[in-house]
Amino acid sequence: MAGPSKEKIVELLGERRNAQSGVLENMRLLRDAYNGDIVVPLPEMDRNEQVAVANLISTGLDQSAMRIASTTPDVYYPPVKPGDNASEKRARTRKRATLGWWEANKMNLKLRRRARYLIGYASSPVVLRPDFKRGICRWEVRNPLTAYPCPTEDPDDLVPPDVIYTYRRPFKWLMNMYPEKIQRLSVGTNYTPDTTFEILEYIDAEAIVTLVLGEKPTENAAYQPTGQFSKFVIELERIPNRTNMPLSVVPGRITLDKPMGQFDGLIGMYQQQARLMALETIAVERGIFPDTYLVSRPGESAKFIAGPFDGRSGMVNIIAGGELREANVGSNLTANNIIDRIERNMRITSGTPAEFGGESNTNIRTGKRGDAILSAVVDFPVQEAQEILSQSLVEENKRAIAIAKSYFGNDRRSFYVSTRKNRGHVDYVPNKDFENDDNAVTYAYAGADANALIVGLGQRVGIGTMSKQTAQEIDPLVADPEQEHDRVISESLEQAMLQSIQIQAQQGAIPPADLARIM
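Start counting the sequence shown at 23; every next residue gets the next number (my numbering).
Set out below in structure tokens:
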């Protein structure tokens, strides 16, 4: 059988989990901060506080990802024989077919999710599979927290030889899908139909292997290849890979020596800011409801007849033989300054300008200066991320072509494409039209979001370095550049004709009766 044994797959998973433990822990911390699930513990006060500060991690990550995915890349297939009409027609067919695949897979939405993974987790894995219902390739975006790629020597290698993915499924799902094999699985004594079990999916160039991990004999026991191994690890299915290519593409963010998200450095500052804010809130609360203490009068022993009650309870303390006094706690203004300083450090560290939250810096006096500052912070990270995703899409297209030729090679496919100037039906036969898998995926202007792209196009057309038709081809709002070009010419001629009629009417060259008919 193709592919490694189930014992080897489980062993590889354990090794990669240990090697990536630090990176995975950073991912989990970032996920909790992004979701707002961090709780601020205050052991000295025996209480916990929820985070009550601006979540710059969530704001900055979403804004950066939306800018990266705000423009859609284009794909180009070079003809095998330039100048040959048939070869160039097949190249155009390959392009339209690929754009159709993207549209069928909702690539615009997948790129938004993948941009968030790339910025936050420093990785954005995707798996490509045959979709037998539609007869095309299906893109599956995977969570980097559950992906364990094989380490490679080249840090820029987007296609690892193999990847192990993990996910969880309930017992009733396993029984419906694999009723015979699950009978041998060790499920423990307290399982229910909703009890979830971990699924392992190993993908390489030879096979796709799916395993399920059962209940271990003890909590801390490992899945060791002993005589009882088959009871705790069941192989659900082993499918040969017809493409002979690894079907996982794992683009990563460019760092020094280990995967690191753009916002990993903010976790400690975010927690420190939240802790200071919690302490400041507690100080204000104590100022409103101060602590009280009992002082005995000379020669008497003070005691409570009713109480002591907390000031927030609204109940009255009744005492005898003493006086009840309040401990006034004043708010420390230094804490507010430190909170603001931490927020500034977070913005500088992550490149999250105030404009991301709908604010403007007080030292910005002109719109041009504001655009320049925002561009310096945002444009280059967006450019790098877009170029990484474009290179990833090149490799993904190659695997999509291999899947189309391996599984649906001689089947004629036809579907509708609504992507900009390629709008219309496309008919293709994979083995005939896909002569090779050479392709290039590029953004119209890497580093620019949708708004900056339009401004840049207008400036280049204004100074004469770009034609209007080229700008129409790049503009994402122009669905058909050729039709738009004809409309612009038609409107210009119509305007010239109207101006000519107005001039002749003012000079009396057109009789009033003819003008009335024209109106």
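Backbone N, C-alpha and C fix where the C-beta goes; we use that ideal spot for every residue, glycine too.
Answer yes or no: the CB of threonine 94 versus the heavy atoms of the ligand GDP, is any distance below 7 angstroms? No copy of the ligand GDP appears in this structure; indeed no ligand is present at all.
Cβ shell of arginine 39 (< 8 angstroms), same chain only, five flanking positions each side left out: The residue labelled residue 39 in the question sits at position 17 within the sequence shown. Sequence-distant Cβ neighbours of arginine 39 in its own chain, meaning closer than 8 angstroms and more than five residues away, are Leu46, Tyr170.
Can you tell me which residues form a DSSP beta bridge with alanine 342? Translated into the one-based positions of the sequence shown, residue 342 becomes position 320. Answer is Lys325.
From methionine 197 to threonine 188, what does the alpha carbon distance come to, in whole angstroms? One-based indexing of the sequence shown puts residue 197 at position 175. One-based indexing of the sequence shown puts residue 188 at position 166. Taking the straight line from one Cα to the other gives about 19 angstroms.
Cα-Cα separation, tyrosine 213 to proline 152: Residue 213 sits at position 191 when you count from the first residue of the sequence shown. Residue 152 sits at position 130 when you count from the first residue of the sequence shown. C-alpha separation (whole angstroms): 34 angstroms.
With a floor of 4 residues, list each alpha helix (DSSP H) that falls wholly inside the stretch 145 to 194, ordered by position along the chain. Whole alpha helix (DSSP H) segments, 4+ residues: zero.
Among Gly321, Gly486, Glu345, which residue has its Cα nearest to the Cα of proline 330? Walking along the sequence shown from the start, residue 330 turns up at place 308. Cα-wise, what sits closest to proline 330 is Glu345.
In three-state DSSP terms, what is proline 63? Sequence index remark: in the sequence shown, residue 63 carries index 41 (1-based). Strand.
Going by alpha carbons, who is nearest to phenylalanine 456 out of Leu78, Pro63, Asp96, Lys111? Numbered from 1 along the sequence shown, position 434 holds the residue referred to as residue 456. For phenylalanine 456, the nearest C-alpha among the options comes from Lys111.
Any contact between the stretch 449 to 467 and the stretch 399 to 417? By contact I mean 3 or more CB pairs, one from each, below 8 angstroms. yes
Taking the beta carbon of leucine 298 as the centre, do at least 16 other beta carbons fall within 10 Å, making it buried, or is it exposed? On the sequence shown, residue 298 is found 276 positions in, with the first residue counted as 1. With 16 or more other Cβ atoms within 10 Å, it is buried.
Measure the alpha-carbon distance for lysine 103 versus arginine 387 and round it to whole angstroms. Position 81 of the sequence shown, counted from the first residue, corresponds to residue 103. Position 365 of the sequence shown, counted from the first residue, corresponds to residue 387. Roughly 56 angstroms between the two C-alpha positions.
Cβ-based burial, glycine 249 [other Cβ within 10 Å; buried from 16]: Here residue 249 refers to the residue found at position 227 when the sequence shown is read from its first residue. Summary for glycine 249: the model assigns pLDDT 48, below 50, so the residue's position carries little reliability, and this model does not support an answer.
Could you tell me the distance, in whole angstroms, from the CA atom of isoleucine 141 to the CA atom of phenylalanine 402? Residue mapping note: residue 141 aligns to position 119 of the sequence shown, counting from 1. Residue mapping note: residue 402 aligns to position 380 of the sequence shown, counting from 1. Roughly 13 angstroms between the two C-alpha positions.
How would you call isoleucine 525, buried or exposed, if buried means at least 16 neighbouring beta carbons within 10 angstroms? Translated into positions along the sequence shown, residue 525 becomes position 503. Exposed.
Please say whether isoleucine 340 and alanine 328 have beta carbons closer to each other than 8 angstroms? As a first step, residue 328 is located in the sequence shown; it is residue number 306 there, counting from the start. As a first step, residue 340 is located in the sequence shown; it is residue number 318 there, counting from the start. Cβ distance < 8 angstroms, so alanine 328 and isoleucine 340 count as in contact.
Glutamate 223 to glutamate 257 span [Cα, whole Å]: One-based indexing of the sequence shown puts residue 223 at position 201. One-based indexing of the sequence shown puts residue 257 at position 235. About 10 angstroms.
Leaving out the 5 sequence neighbours to the left and right, which residues in its chain are closer than 8 angstroms to arginine 509 when beta-carbon positions are compared? Position 487 of the sequence shown, counting from 1, holds the residue named residue 509. Closer than 8 angstroms at the Cβ level, and outside the excluded window around arginine 509, lies no residue.
Going by the DSSP bridge assignment, what does alanine 70 pair with across the sheet? Residue numbering aside, residue 70 sits at position 48 when the sequence shown is read from its first letter. According to the sequence shown, residue 70 is asparagine rather than alanine. In DSSP, asparagine 70 forms a bridge with Pro63.
Any idea which residues DSSP pairs arginine 260 with across the strands? Here residue 260 corresponds to residue number 238 of the sequence shown, with the count starting at 1. For arginine 260, which the question treats as bridged, DSSP gives the partners Val231.
Over the uninterrupted alpha helix (DSSP H) stretch that includes alanine 398, give me the two end residues. Residue mapping note: residue 398 aligns to position 376 of the sequence shown, counting from 1. Counting along the chain, the alpha helix (DSSP H) containing alanine 398 begins and ends at 389 to 430.
So what's glycine 82 in DSSP terms, helix, strand or just coil? On the sequence shown, residue 82 is found 60 positions in, with the first residue counted as 1. It is helical.
Tyrosine 438, buried or exposed, once every other Cβ within 10 Å from all chains shown has been counted against 16: Here residue 438 corresponds to residue number 416 of the sequence shown, with the count starting at 1. The residue is exposed, with fewer than 16 neighbouring Cβ atoms inside 10 Å.
Residues that DSSP places opposite phenylalanine 437 in a beta bridge: As a first step, residue 437 is located in the sequence shown; it is residue number 415 there, counting from the start. Beta-bridge pairing links phenylalanine 437 to Val448.
Alanine 462 (DSSP reduced to helix, strand or coil): The sequence position of residue 462 within the sequence shown is 440, counting from 1. If DSSP states are grouped into helix, strand and coil, alanine 462 belongs with the strands.
Anticipated Cβ contact below 8 angstroms, isoleucine 204 with leucine 269, distance rounded: The residue you call residue 204 lines up with position 182 of the sequence shown. The residue you call residue 269 lines up with position 247 of the sequence shown. Not quite, the Cβ-Cβ distance comes to about 26 angstroms (not below 8 angstroms), so this is no contact.
Endpoints, alpha helix (DSSP H) assigned at tyrosine 143: The sequence position of residue 143 within the sequence shown is 121, counting from 1. Counting along the chain, the alpha helix (DSSP H) containing tyrosine 143 begins and ends at 129 to 143.
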